[in-house]
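Just so you know, UniProt numbering puts the end of the sequence shown at 403, numbered straight through with nothing missing. Quick reminder that beta carbons are idealized off the backbone N, C-alpha and C, glycines included. Here's the structure, in structure tokens; my notes come after.
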Amino acid sequence: MRLVFFPRKNLGFVKISHVRKLVRLPAISETAQKLTSGNKIRTFGSLTSIRQVMKVLVTGASGYLGGRLCHALLKTGHSVRAFVRPTSDLSSLPPPTDGGRLELAYGDVTDYQSLLDACSGCHVIFHAAALVEPWLPDPSRFLKASTDKHTYNSISIVNVGGLRNVLQAYKEIGTIEKIIYTSSFFALGATDGDVADESQIHHGKFFCTEYEKSKAVSDKIALEAAAEGVAIVPVYPGVVYGPGKVTAGNSVARLIIERFSGRLPGYIGKGNDKFSFCHVDDVVEGHIAALNKGQPGERYLLTGENASFVDVFNKAAALTETARPRFNIPLPIIEAYGWISVFISRITGKLPLISPPTVDVLRHQWAYSCEKAKTELDYSPRSLEEGLGEVLPWLKSLGLIKY
């Protein structure tokens with residue numbers, strides 16, 4: 001491998017590998033331990049219990065969850081290789097300062113060779129890369145098969161295929177000690193009228209979104225791999241919210257913006273079905289706890305408070321001393337708006353906030369217990385009120401809401 005070193009003003013050196021396309025960036029300093037607008041990542045006891053410093057690969061490192069995970073891993077002392085696409089927005093990753101514990105590896109989880117190269121020399125893989133949008137113009141991006149000869153069997157695009165490639169790289173590299181796989185509560189299915197735990201297996205009778213279907217398929221693959229001896233720990237975040245990127249993965253922030261802008265004047269439907277809301281930094285801590293304490297083959301729900309969107313809007317109103325919504329918008333009206341949004345999206349190319357699959361999700365309950373993670377991982381999620389108390393001022397500081 002030919003390496004080229006060249007100086008960067010006030011930033012030390014950048015290392016470029018022409019073969020593996022790795023760029024070494026300096027590690028972050030104590031003053032850079034934040035992602036945006038002064039929101040620091042919390043730590044808890046288990047973060048300091050790692051027995052050794054490891055080289056860690058994070059797929060989806062430029063994403064909403066992945067960026068904050070990279071920050072937390074660096075803070076524990078690990079060396080992090082962030083696997084990103086050449087077109088990725090890297091604003092959520094730590095800024096370059098003095099040191100050298102962050103590397104960028106360019107590639108794609110659907111490109112097996114680039115993933116294999118990125119895995120070289122790593123001890124742990126955090127596989128967080130995924131398409132999370134509830135609707136895409138081409139849904140085959142979630143599941144469509146490919147016949148690339150370098151892939152593991154007949155792979156699927158991104159969500160399923162990415163996991164298959166990670167598992168194949170694990171077997172081929174031979175030095176990976178553990179895979180922490182970011183699944184989703186969707187992989188377990190709806191919990192209508194109940195609160196589910198890790199024992200629930202998706203019924204497979206229906207899927208509200210292609211994303212849900214892809215995560216259910218991937219979950220089966222992960223559990224089969226664990227049964228075959230792969231050291232994989234699947235974790236299942238709930239509805240993730242908190243400071244960071246305002247993307248499809250941060251749906252709560254997006255709905256709050258719509259509510260405070262007046263574009264969403266009422267509650268969505270009856271709004272009584274519960275979802276399991278979890279702060280992004282709690283989910284990050286849960287991932288690292290899964291590295292420290294999680295048992296391969298065991299499933300861990302990294303969820304939080306089970307609450308309805310009525311609760312979310314009411315708590316937001318109370319915290320900001322603004323008025324609550326005065327009426328409910330029937331789901332059929334929301335669905336009609338979703339179809340119009342999809343039509344406009346096909347013209348503009350901009351993905352809609354609400355689509356018919358989103359409305360299908362809102363017709364069900366998705367409530368889960370995280371008692372297992374609390375007991376075995378020392379997982380300690382904050383309350384929804386505490387989390388919203390951070391999110392609302394953050395959105396205000398960005399000029400996205402006013403109150």
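Terminal residues of the beta strand (DSSP E) in which residue i lies
i, result
"P352", "From DSSP, P352 is part of no beta strand (DSSP E); its letter is neither H nor E."
"P234", "I232 to P237"
"A373", "Segment E371 to L377 is the alpha helix (DSSP H) holding A373; no beta strand (DSSP E) there."
"A105", "L102 to Y106"
"residue 405", "Look at the range of the chain in this structure, 1 to 403, and you will see that residue 405 is not part of it."
"R81", "S79 to V84"
"L57", "K55 to T59"
"H127", "V124 to H127"
Element boundaries [alpha helix (DSSP H), containing residue i]
i, result
"N314", "F309 to T320"
"F260", "S251 to S261"
"V160", "N159 to I173"
"I201", "Here I201 belongs to no alpha helix (DSSP H), and DSSP marks it neither H nor E."
"S397", "L384 to S397"
"A323", "Premise fails: A323 is in no alpha helix (DSSP H) and is neither H nor E."
Distance between residue j and residue i (C-alpha atoms, nearest Å)
i, j, result
"K274", "A367", "6 Å"
"T209", "L353", "14 Å"
"V393", "Y337", "Looking at the sequence shown, residue 393 is not Val but Pro. When rounded, the distance between both Cα atoms is 29 Å."
"A72", "Y112", "27 Å"
"P243", "E133", "19 Å"
"D219", "S183", "7 Å"
"F13", "R101", "For F13, the pLDDT reaches just 30, beneath the cut-off of 50, and the residue's location in the model is therefore unreliable, although a value from the coordinates is still provided. The alpha-carbon atoms of F13 and R101 are separated by roughly 12 Å."
"Y267", "L74", "40 Å"
"S214", "S355", "18 Å"
"D282", "L65", "11 Å"
"N272", "P357", "18 Å"
"G67", "L255", "22 Å"
"V84", "A316", "34 Å"
"C122", "S251", "33 Å"
"I280", "E298", "Checking the sequence, you will find Val at residue 280 rather than Ile. The straight-line gap from Cα to Cα measures roughly 22 Å."
"A105", "V56", "12 Å"
"C370", "I221", "22 Å"
"N314", "L400", "19 Å"
"P94", "C70", "8 Å"
"I50", "I125", "In this prediction, I50 has a pLDDT of 43, which is less than 50 and means its spatial position is unreliable; nothing more can be read from the coordinates."
"A118", "D108", "10 Å"
"I340", "T175", "50 Å"
"V391", "L384", "10 Å"
"H203", "L302", "21 Å"
Exposed unless 16 or more other CB atoms sit within 10 angstroms - verdict on residue i
i, result
"F327", "exposed"
"H287", "buried"
"A227", "exposed"
"E224", "exposed"
"D360", "buried"
"K178", "buried"
"F343", "exposed"
"P234", "buried"
"R164", "buried"
"S91", "exposed"
"G63", "buried"
"I347", "exposed"
"G193", "exposed"
"V19", "With a pLDDT of only 34 at V19, under the threshold of 50, the placement of this residue in the model should not be trusted; the figure read from the coordinates follows. Under this definition V19 is an exposed residue."
Interface flag, residue i vs chain C, CB-CB below 8 Å
i, result
"Y236", "Absent here is chain C; the protein component of the structure consists of one chain."
Cutoff 6 Å; reference residue i; Cβ partners in own chain excluding five residues on either side
i, result
"S46", "The predicted position of S46 is uncertain, since its pLDDT is 39 and thus under 50; no value can be drawn from it."
"K396", "none"
"G60", "G66, A128 and A129"
Close-in-space but distant-in-sequence residues of the same chain around residue i (CB under 7 Å, 5 per side omitted)
i, result
"N39", "Because N39 sits at a pLDDT of 40, beneath the cut-off of 50, its placement in the model cannot be relied upon, and the following sentence gives the value as read from the coordinates. The answer, listed in chain order, is P243, E390 and W394."
Segments assigned alpha helix (DSSP H), at least 4 residues, entirely inside the segment 261-306: Whole alpha helix (DSSP H) segments, 4+ residues: 280-293.
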